[in-house]
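Chemist: Provided herewith is a single structure, encoded as structure tokens, for subsequent inquiry.
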Amino acid sequence: MKNWMLFIICLVCTLAVSAQGIFRVTVKDKTTAQALPGISVTPTGGKGIVTNDSGQAVIIGLSAGKHTIQFSSVGYELFILTVTLPDTSWHEVLLTATHKEMEEVTVLASTRNNQRMENSPLKVEVLGKEDMDEENAIKPGNIASILGDVSGIQIQQSSAVSGNSNVRIQGLDGRYTQILRDGMPLFDGFSGGFGIMQIPPLDLKQVELIKGSASTLYGGGAIGGLINLISKRPGYEQEGMFTFNQSTLKESNFNTYVAKRNKKAGYNFFGGITHQDAVDVNDDNFSDVPKIDAVVLHPRFFFYPDSKTTIALGYTSTFETRNGGDMQVIKAKGDALHQFFEKNKTDRHTGDLLVDRTIGGDNRLQLKASVTSFDREITTNIHHFKGNQFNYFTEASILIPKEKYSFVAGVNATGDRFKILPSDPVALTDFNNNTVGAFAQATVNLPVNTILEAGLRADHHNHYGDFVLPRVALFHRFNEEWATRLGVGFGYKAPNPLAVQTVDYPIQDIQSLPPGIQAERSIGYNAEINYKKEFGEESSIFINHAFFLTQINNPVIATEEAAGPVSFNNAGSHILTRGFDTYVQLKLHDWELYAGYTYTIAERKYLKDNQFMPLTPRNRFAFVAVYEIESIWRFGLEGSYTGTQYRDGDTKTPDYLFMALMLERKFGKKVSLVLNCENLLDYRQSRHEALYTGTITDPTFKPLWAPIDGRVINISIRWNSGHK
Numbered sequence: 011m012k013n014w015m016l017f018i019i020c021l022v023c024t025l026a027v028s029a030q031g032i033f034r035v036t037v038k039d040k041t042t043a044q045a046l047p048g049i050s051v052t053p054t055g056g057k058g059i060v061t062n063d064s065g066q067a068v069i070i071g072l073s074a075g076k077h078t079i080q081f082s083s084v085g086y087e088l089f090i091l092t093v094t095l096p097d098t099s100w101h102e103v104l105l106t107a108t109h110k111e112m113e114e115v116t117v118l119a120s121t122r123n124n125q126r127m128e129n130s131p132l133k134v135e136v137l138g139k140e141d142m143d144e145e146n147a148i149k150p151g152n153i154a155s156i157l158g159d160v161s162g163i164q165i166q167q168s169s170a171v172s173g174n175s176n177v178r179i180q181g182l183d184g185r186y187t188q189i190l191r192d193g194m195p196l197f198d199g200f201s202g203g204f205g206i207m208q209i210p211p212l213d214l215k216q217v218e219l220i221k222g223s224a225s226t227l228y229g230g231g232a233i234g235g236l237i238n239l240i241s242k243r244p245g246y247e248q249e250g251m252f253t254f255n256q257s258t259l260k261e262s263n264f265n266t267y268v269a270k271r272n273k274k275a276g277y278n279f280f281g282g283i284t285h286q287d288a289v290d291v292n293d294d295n296f297s298d299v300p301k302i303d304a305v306v307l308h309p310r311f312f313f314y315p316d317s318k319t320t321i322a323l324g325y326t327s328t329f330e331t332r333n334g335g336d337m338q339v340i341k342a343k344g345d346a347l348h349q350f351f352e353k354n355k356t357d358r359h360t361g362d363l364l365v366d367r368t369i370g371g372d373n374r375l376q377l378k379a380s381v382t383s384f385d386r387e388i389t390t391n392i393h394h395f396k397g398n399q400f401n402y403f404t405e406a407s408i409l410i411p412k413e414k415y416s417f418v419a420g421v422n423a424t425g426d427r428f429k430i431l432p433s434d435p436v437a438l439t440d441f442n443n444n445t446v447g448a449f450a451q452a453t454v455n456l457p458v459n460t461i462l463e464a465g466l467r468a469d470h471h472n473h474y475g476d477f478v479l480p481r482v483a484l485f486h487r488f489n490e491e492w493a494t495r496l497g498v499g500f501g502y503k504a505p506n507p508l509a510v511q512t513v514d515y516p517i518q519d520i521q522s523l524p525p526g527i528q529a530e531r532s533i534g535y536n537a538e539i540n541y542k543k544e545f546g547e548e549s550s551i552f553i554n555h556a557f558f559l560t561q562i563n564n565p566v567i568a569t570e571e572a573a574g575p576v577s578f579n580n581a582g583s584h585i586l587t588r589g590f591d592t593y594v595q596l597k598l599h600d601w602e603l604y605a606g607y608t609y610t611i612a613e614r615k616y617l618k619d620n621q622f623m624p625l626t627p628r629n630r631f632a633f634v635a636v637y638e639i640e641s642i643w644r645f646g647l648e649g650s651y652t653g654t655q656y657r658d659g660d661t662k663t664p665d666y667l668f669m670a671l672m673l674e675r676k677f678g679k680k681v682s683l684v685l686n687c688e689n690l691l692d693y694r695q696s697r698h699e700a701l702y703t704g705t706i707t708d709p710t711f712k713p714l715w716a717p718i719d720g721r722v723i724n725i726s727i728r729w730n731s732g733h734k
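Heads up: the sequence shown at position 423 corresponds to 433 in my numbering, and the numbers run straight through without jumps.
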């Protein structure tokens with residue numbers, strides 16, 4: 011009898027458990043198809059939960075039968091789903107973003123644990139999809155202009171002949187800024203020293219900026235900061251964007267982006283064409299803007315075997331030719347006097363693979379790999395050079411998110427091989443760099459609104475040995491308005507004779523690295539406080555005030571001898587840069603305002619006198635004001651003040667003001683017309699001094715500290731065929 015009673019009790023319990031329903035769901039953005047963490051999932055009459063970092067939620071204990079599930083979050087429209095339980099399938103819910111997306115729904119890729127921007131111990135600033143779309147109409151051929159609008163970032167033009175530029179953060183040279191594409195390092199050394207700003211903004215979902223050390227997460231090179239270019243992904247709705255642009259500086263651009271996905275597969279494709287005629291703005295017979303012809307192609311294919319897996323295959327090709335120098339030579343009218351020119355032909359081919367898989371509930375496994383082949387051919391009136399750099403990168407990482415903490419760890423291998431192709435003789439020789447590394451990072455939610463993050467990376471370089479890079483960061487929220495961040499991190503940079511310099515040296519003058527040269531090592535500190543206040547549905551203010559300090563030991567310096575050769579060695583002391591960065595973002599209904607000020611003291615402590623870092627303004631201010639009228643008209647005014655800068659030799663440059671004005675007229679949701687004027691005041695370095703010394707046959711160009719291309723007006727037509 012007891013056995014029968016026990017059997018009946020077990021049977022009843024089994025039936026009761028089986029009657030309970032389990033609801034499983036993955037929540038994504040309808041347009042981007044990106045997983046959405048932090049979405050509230052609430053059954054009628056039940057207790058709600060929020061989605062994890064992979065956008066997934068599981069509700070157990072529901073009774074059998076029909077249930078109404080509600081999905082809600084700030085920045086997204088309310089969604090209601092009716093289901094009948096029991097149901098063993100994974101449901102997929104697509105949420106539609108409201109017209110004005112708010113900062114809280116911005117999820118960061120560069121933190122590696124997909125934290126929200128407002129709660130990340132690692133400070134990341136984001137230029138979002140709307141910024142990329144606007145820049146596509148203003149400067150469709152490159153991202154240099156929009157990066158230069160951010161406080162603490164300086165776009166440094168390093169050559170008047172080629173028009174080449176690099177990115178400097180917090181007063182440090184461009185070689186200390188690491189540039190990634192979708193978290194993968196593609197640009198360094200020979201492949202990173204030319205044309206990397208020529209990435210069209212229409213191809214990007216967002217740009218993430220880290221000011222200060224990020225080497226623990228991304229390896230050597232991210233001493234001054236990091237720029238992560240995040241590519242777009244297809245959504246369920248058909249997308250199609252086409253832009254045609256023409257400027258008074260004789261530049262023409264045509265860019266197109268199309269994308270679409272279904273449940274199992276998707277694609278996106280970007281194609282861009284740029285043609286720029288050579289222009290002599292200051293009538294000195296040399297081009298201030300080189301002749302440029304460029305084509306960029308970027309197709310990607312996506313596969314979704316199930317709701318937990320995404321596989322992406324991509325290919326990028328860039329073909330570009332630049333020709334600058336004597337205008338008569340460019341026009342094929344050179345003679346015995348007019349001979350000087352520099353022609354750069356570059357081909358870049360990149361293949362990449364991404365596999366993203368949710369395993370064991372909420373855990374996320376990610377595999378990344380990329381290979382790049384970069385060819386650059388340099389032809390001048392006295393020399394011909396051609397070289398190739400092959401880059402590779404592969405990484406496996408796992409993210410374990412929990413309610414109170416998250417943990418991410420991974421291993422990677424990265425490297426490059428530089429090879430000289432048939433050329434005139436040079437002092438350089440072939441070389442390679444190979445690094446294997448492992449990293450781990452834990453993020454812990456402590457009591458009283460505090461988040462602690464600690465990470466460690468260990469790298470082994472085939473030439474420069476072992477590096478251990480710890481990082482600690484703390485985020486504390488005092489209340490809804492006030493919060494603070496503190497952080498410290500270590501970094502390193504392997505020497506490379508082709509690393510980005512403030513000035514582009516002739517390739518035939520660059521010497522190979524000497525025996526015994528050591529890697530550069532750094533430590534960086536940051537501290538900040540921010541304030542945010544919302545008043546009304548469409549009005550808010552955000553203020554951020556940050557202090558920074560970076561010290562680089564064993565800095566590798568370039569020494570140019572009178573006869574021409576450029577050699578490299580470790581300096582006897584360190585580089586020290588410090589200062590503060592303040593910016594304010596204000597939204598007042600139809601107004602958007604941004605103002606930022608950066609104060610920087612950058613010094614080369616290895617010098618006895620004139621320790622200042624050349625071409626680094628101590629004071630820099632930038633602002634942007636945008637006003638929109640009922641989604642029909644949009645007006646924008648932006649400007650920047652650049653204070654005096656030192657040249658090598660203890661001479662100062664003048665300070666100057668740069669202004670730009672934009673007007674956009676929208677015709678429904680599909681078509682818009684943009685009129686833009688850059689350098690409204692027509693400020694040019696050539697108004698203060700000649701851009702070169704020597705003769706027209708053998709010129710020596712001065713370092714550039716201000717614009718040289720003058721006032722530019724452009725008009726663009728944008729057609730968004732994806733809008734209904």
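Glycine is no exception: its CB is placed at the ideal position from the N, C-alpha and C atoms. Quick caveat, the model's predicted, so the values are computed rather than measured.
Assess, as a yes-or-no matter, whether the region 281-288 is touched by the region 70-78 under the definition of 3 or more beta carbon pairs within less than 8 Å.
Modeler: Too few Cβ pairs lie closer than 8 Å, so no.
Chemist: Between the Cα of V37 and the Cα atoms of D366, I585, T61, which residue gives the shortest distance?
Modeler: The option with the nearest alpha carbon to V37 is T61.
Chemist: What are the boundary residues of the beta strand (DSSP E) that Y593 is part of?
Modeler: Unbroken beta strand (DSSP E) run through Y593: 585-598.
Chemist: Would you tell me roughly how many angstroms separate the C-alpha atoms of D159 and E688, rounded to the nearest one?
Modeler: Roughly 13 Å separates the two Cα atoms.
Chemist: Is it buried or exposed for D619, if we count other Cβ within 10 angstroms and need 16 for buried?
Modeler: Exposed, since its Cβ has fewer than 16 Cβ neighbours within 10 Å.
Chemist: Taking only runs of the beta strand (DSSP E) that begin and end inside the region 28-76, which ones reach a length of at least 3 residues, in chain order?
Modeler: Counting whole runs of 3 or more residues, the region 28-76 contains the beta strand (DSSP E) stretches 31-39, 50-53, 66-72.
Chemist: My guess is that D426 and D141 are in contact by the Cβ rule of under 8 Å, so how many angstroms apart are they, rounded?
Modeler: Between D141 and D426 the Cβ distance is about 31 Å, and since that is not below 8 Å, they are no contact.
Chemist: By the DSSP assignment, the beta strand (DSSP E) with Q376 in it spans what residues?
Modeler: 373-390 is the span of the beta strand (DSSP E), which, as asked, contains Q376.
Chemist: If you drop the 5 nearest sequence neighbours on each side, which residues of the same chain put their C-beta closer than 8 Å to that of P624?
Modeler: Counting only Cβ-Cβ distances below 8 Å, and skipping sequence neighbours, we find T512, Q655, Y656, R657, D658, P713.
Chemist: Can you give me the C-alpha to C-alpha distance between N398 and F89, rounded to a whole angstrom?
Modeler: In a straight line, the C-alpha of N398 is about 53 Å away from that of F89.
Chemist: Which residues in the same chain as Q44 place their Cβ atom closer than 7 Å to its Cβ, once the five residues preceding and following it in sequence are excluded?
Modeler: Excluding positions up to five away in sequence, the list reads K38, R243.
Chemist: Do you know how far the Cα of S407 is from the Cα of A419?
Modeler: The straight-line gap from Cα to Cα measures roughly 6 Å.
Chemist: Would a C-beta distance cut-off of 7 Å place K378 and M669 closer than the cut-off?
Modeler: Cβ atoms of K378 and M669: not closer than 7 Å.
Chemist: Cβ atoms of V381 and G361: under 7 Å apart, would you say?
Modeler: In this structure, V381 lies closer than 7 Å to G361 by Cβ.
Chemist: Check the DSSP bridge columns for A269 and list the partner residues they point to.
Modeler: DSSP output for A269 lists E249, N278 as bridge partner(s).
Chemist: In this structure, does DSSP put G231 in helix, strand or coil?
Modeler: If DSSP states are grouped into helix, strand and coil, G231 belongs with coil.
Chemist: Report the three-state DSSP secondary structure of Q695 (helix, strand or coil).
Modeler: Looking at Q695 - three-state DSSP - the assignment turns out to be helix.
Chemist: How is the alpha helix (DSSP H) around S155 delimited, first residue to last?
Modeler: Run containing S155: 154-158, per the alpha helix (DSSP H) assignment.
Chemist: Which of the three DSSP states is assigned to A322 in this structure?
Modeler: Residue state, collapsed to three classes: strand.
Chemist: Which residue comes first and which comes last in the alpha helix (DSSP H) that contains E145?
Modeler: It spans 139-148 - the alpha helix (DSSP H) in which E145 sits, taken as one unbroken run.
Chemist: What residue does the alpha helix (DSSP H) around I340 start on, and which one ends it?
Modeler: Its alpha helix (DSSP H) spans residues 337-340.
Chemist: Tell me whether the beta-carbon of G422 lies closer than 7 Å to the beta-carbon of G447.
Modeler: Note that residue 422 is Asn in the sequence shown, not Gly. Yes. Within cutoff.
Chemist: So is K503 buried or exposed if we call it buried at 16+ other beta carbons inside 10 Å?
Modeler: The residue in question, K503, is buried, as its Cβ has 16 or more Cβ neighbours within 10 Å.
Chemist: Distance, Cα to Cα, A224 vs I539?
Modeler: Approximately 20 Å between the Cα atoms of the pair.
Chemist: So what does M672 bridge to, in DSSP terms?
Modeler: Paired residue(s): G646, N686.
Chemist: Considering only residues of the same chain and omitting the five flanking positions on each side of R588, which have a CB-CB separation below 7 Å?
Modeler: For R588, where only same-chain residues beyond five positions count, the Cβ hits under 7 Å are F558, L559, I611.
Chemist: Please report how far the alpha carbon of T92 lies from the alpha carbon of D316, in whole angstroms.
Modeler: Their backbone Cα atoms lie some 22 Å apart in a straight line.
Chemist: Run through DSSP, which three-state label would T660 get?
Modeler: At residue 660 the sequence reads Asp, which differs from the Thr that was named. In this structure, D660 counts as coil in the three-state DSSP scheme.
Chemist: May I have the straight-line CA-CA distance separating N129 from F485, to the nearest angstrom?
Modeler: Answer to the nearest angstrom: the Cα atoms are 7 Å apart.
Chemist: In three-state terms, what does DSSP make of T226?
Modeler: If DSSP states are grouped into helix, strand and coil, T226 belongs with the helices.
Chemist: From G699 to T663, what distance separates their C-alpha atoms?
Modeler: Reading the sequence as shown, one finds Glu at residue 699 and not Gly. Answer to the nearest angstrom: the Cα atoms are 10 Å apart.
Chemist: Here's the rule I'm using: 16 or more other beta-carbon atoms within 10 Å means buried, otherwise exposed. How should A74 be labelled?
Modeler: Result: exposed.
Chemist: Just the C-alpha distance for D290 and G235, rounded to the nearest angstrom, thanks.
Modeler: Distance between the alpha carbons of D290 and G235 is about 35 Å.
Chemist: Quick check: what's the CA-CA separation for G276 versus A468?
Modeler: Approximately 37 Å, taken between the alpha carbons.
Chemist: So, under 8 Å CB-CB, P47 and N146 are touching, yes? Tell me the CB distance rounded to an integer number of Å.
Modeler: With a Cβ gap of about 28 Å, P47 and N146 do not count as contacting.
Chemist: Measuring only from the beta carbon, is Y228 closer than 6 Å to any heavy atom that is part of the ligand COA?
Modeler: The ligand COA is not part of the structure shown, which contains no ligands of any sort.
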